[in-house]
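Before any comments, here is the structure.
Residue numbers (full-length UniProt numbering): 1 to 59.
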């Protein structure tokens, strides 16, 4: 029974180690993608200024 419990515990530990490694790599990839694409998510300030001026002129 002790050997069975030890093997089962070792298996769970190895599985958790693999999951943590995968989670760390996934986090690194997502962080890299977000840092690169963060600029695409922001409005262009010159475009916003031009839109505001056009709206003021339209009034």
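Where a beta carbon is used, it is the ideal one built from N, C-alpha and C, also for glycine.
To the nearest angstrom, how far is the alpha carbon of residue i from that of residue j?
i: residue 52; j: residue 59; result: 11 Å
i: residue 16; j: residue 45; result: 46 Å
i: residue 63; j: residue 20; result: Examination of residue 63 is not possible in this model, given that the chain is present from 1 through 59 alone.
i: residue 4; j: residue 18; result: 21 Å
i: residue 8; j: residue 14; result: 10 Å
i: residue 47; j: residue 34; result: 23 Å
i: residue 28; j: residue 22; result: 10 Å
i: residue 54; j: residue 43; result: 17 Å
i: residue 37; j: residue 6; result: 46 Å
Kindly indicate which three-state DSSP category residue i falls into: helix, strand or coil?
i: residue 1; result: coil
i: residue 39; result: helix
Output the boundary residues of the alpha helix (DSSP H) element that contains residue i.
i: residue 51; result: 45-58
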